[in-house]
Ligand code: AZC
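So this is what it looks like as structure tokens:
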């Protein structure tokens, strides 16, 4: 284990301050102090980082177009176990560690669940001593910063590199790689073989920026390698004689610079939604090609036979965005290694595995043939050949044209990326039991029936080190006081907490800690938004992307209904509630933006109505992201997981919230089903249509929202509020939402589930008043959250997918 004494740390800190900034500590800004601290920590880990990179065992490469890391300082100190000496050392130098923790930028290089999951996976791979590395894109601008102006979402570019640099990264120009776009393919005869010549291509340099990923109390330091796109400068020793010849004019040079740099300029702000833009396809090829070339380059240095690649390397495709790993690996094996198609295909499929993250049709990537053909001519040829061979297989096996059509990789002038992933990998998994079941039974049924052995489930998880130990230290300490600290490395031990479920003093302690966390959050809300919230109220939290299927609308309509009830009956028995929302909407997603405006407008009305604002407060936090989540989650009493059943593949905020003692209010969707199985019916509040009911409705044309609206007084009342001027400062947004519910027949069953939801909310109101019982439910949630650690998820990936059949598999079976 790396260690550093306080004395040594202080010396290193001062020396680094002089060498970096040539100034005394007292003159430094917090950013400068932070950069010095990061450098000192990087010095401490450098030797271990290099050693982890000298690989003896099989390595995992996790390809993902987003990594939503969050701030790193606190979790790095925790994982290295040096927080105390650093805190004390800094104090003696007159510096507060917490000031530096808060000075760090929060790199928002992801949209939501998918990107954050990838970051949790990195943490767990390192903590389980798996040589697992991430490949992604170093976006110049991450997810936009959200501001509310008059209740509307306004997007401001995220300038996360404004401090000049990201202090954790190390750029490695000597490891840069050329990625080739466009041009023509020529097949030249070379002895008795055909050689592939790519001519007139546009070379784009992929510059690697490495971020260390530090394992928990072990010596593993893995790497997240993010690629930045740059122009190809001539002096990197790579043969680019066939590159497109720019005339050398100023305009040409500028156009080329723009072409190259644009690729990693900005993260697409869509969550679970496919946009189909050329630039996105460039991004996808850019990072997959750079990553695959990098893997092969490293492998070649080991001088092992390329045919043994699968014994040393596992490549994981996180959703379809990195699908081009498949034809890119084929390209290298065929064109550079000279293998036959059969050999190359066997290696590729045995090396690559794929995770699906959604069944929503609008998220399924389908790229137009013409686009791929022009941008990636050689890659397209390979995809075409994969498709041709697969069609032969299908024709041989099936007669049903419909079925075959559904399974083809190239179909209706598009390349279906999910189909390519399924055909080109040896494992396909969903991210929660229900989701995997829906993949097998509905969305991917034909593929499942064809090759059932390829399909498996890997229920998502969360990094408990960040989401409990680091963000809720008081709770973490209480747990350790009660059951010892083994749970930190084996979260199933949290179960030992159950023996305290009848212990009043433990339950009271739990309550006190929750109360402290609520006070902290209340202070933050007061300081930031100038709204007073009562820490004795129920903190009811819905934090996730804004999407119709996630049904923030159901939540706000119910609040509006409560408001009416309170106005009609001021003695209405109601425990005070603070409803907290955090959500960004994709900039082009109009309905989602209307819902944001609606929530803000309702908040404005209710928060300023003295008749009710002792009972209800609504807070919509601006710019929700990882850092805000770390503040909100420890303070939550209720986690709202109210998606339309079947639509949320898994969810992960549900797991974070339960692990911090919030009670889940949920539909039986995604991983909520497994949360329910863990905690039992007494410790979760369920409502809403079942998966089967939703599937049946969808099959037979839905229900009639209009009938329900006309027959239910309370539903009619809140729906009418959308358009009758009751909520001030709304423009056409109310009409837009109204239409989605009534004119377009409520695709997401908001009104259909409304009565049931409001009964569930009333139940919570009663339960919360029985404080001891509530605290017991909270304890039972924490105690049964252990299986939702990504340590469990990753050990399953390791033994069932990445190291299946390998000797070192033994190691993971124990986990
Ligand atoms: C999300 C799912 O919507 C969410 O349910 C899941 O928890 C998360 O992935 C992690 O698995 N999906 C996405 O963010 N994006 C896509 C393209 O599915």
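In the working numbering, the protein residues as written are 344 to 1158.
For each residue, glycine too, the CB sits at the ideal point set by N, CA and C.
Residue closest to residue i, alpha-carbon to alpha-carbon, out of the options
i	options	result
residue 495	1081, 902, 602, 966	966
residue 777	649, 1020, 669	1020
residue 350	366, 435, 426, 424	435
residue 746	902, 793, 1140	793
residue 911	954, 878, 1084, 889	954
residue 684	1040, 976, 731	731
residue 387	412, 488, 424	424
residue 1025	414, 1040, 1008	1008
residue 567	800, 784, 411, 880	411
residue 1102	975, 902, 1072	902
residue 651	671, 692, 483, 437	692
residue 345	530, 468, 559, 466	559
residue 471	461, 565, 541, 532	565
residue 1095	1134, 1067, 1147, 1033	1033
Any non-hydrogen atom of ligand 1 closer than 7 Å to residue i Cβ
i	result
residue 614	yes
residue 1016	no
residue 991	yes
residue 871	no
residue 693	no
residue 662	yes
residue 803	yes
residue 1049	no
residue 701	yes
residue 774	yes
residue 667	no
residue 460	yes
residue 706	yes
residue 454	yes
residue 995	yes
residue 1038	no
residue 1013	yes
residue 787	no
residue 782	no
residue 457	yes
Expected contact under 8 Å - CB spacing of residue i and residue j to nearest Å
i	j	result
residue 766	residue 733	5 Å
residue 474	residue 400	6 Å
residue 520	residue 633	5 Å
residue 467	residue 1137	4 Å
residue 989	residue 1037	5 Å
residue 993	residue 656	Contact doesn't hold; Cβ gap of about 27 Å is too wide.
residue 406	residue 660	6 Å
residue 556	residue 461	Their Cβ separation, rounded to whole angstroms, is 11 Å, which puts residue 556 and residue 461 out of contact at 8 Å.
Proximity of residue i and residue j at Cβ, strictly below 8 Å
i	j	result
residue 808	residue 725	no
residue 605	residue 622	yes
residue 285	residue 552	With the chain covering 344 to 1158 only, the question about residue 285 has no answer from this structure.
residue 1174	residue 587	As displayed, the chain neither begins before 344 nor continues past 1158, which places residue 1174 out of reach and without an answer.
residue 860	residue 919	no
residue 301	residue 524	As shown, the chain starts at 344 and ends at 1158. That puts residue 301 outside it, with no answer to give.
residue 628	residue 719	yes
residue 694	residue 772	no
residue 884	residue 979	yes
residue 895	residue 938	yes
residue 886	residue 972	yes
residue 550	residue 514	yes
residue 1160	residue 686	Nothing about residue 1160 can be reported from this structure: the residues present for the chain run from 344 to 1158 only.
residue 819	residue 769	no
residue 362	residue 480	no
8 Å Cβ shell around residue i - same chain, five flanking residues per side excluded
i	result
residue 752	726, 729, 730, 733, 758, 759, 762, 763, 766
residue 377	416, 443, 446, 447, 510
Sequence-distant residues of its chain with Cβ nearer than 6 Å to residue i (five each side left out)
i	result
residue 865	876, 878
residue 360	368, 379
Neighbourhood of residue i by C-beta distance below 7 Å, restricted to the same chain and skipping five residues each side
i	result
residue 831	812
residue 850	1115, 1118, 1119, 1122
residue 485	450, 451, 452, 501, 503, 610
residue 1001	982, 1007, 1018, 1124, 1128
residue 322	Any answer about residue 322 is impossible in this case: the structure gives the chain only from 344 up to 1158.
residue 297	Residue 297 is absent from the structure shown; the chain starts at 344 and stops at 1158.
residue 529	540, 542
Short CB-CB distance (under 8 Å) between residue i and chain E
i	result
residue 501	Of the chains in the structure shown, none is chain E; there is only one protein chain.
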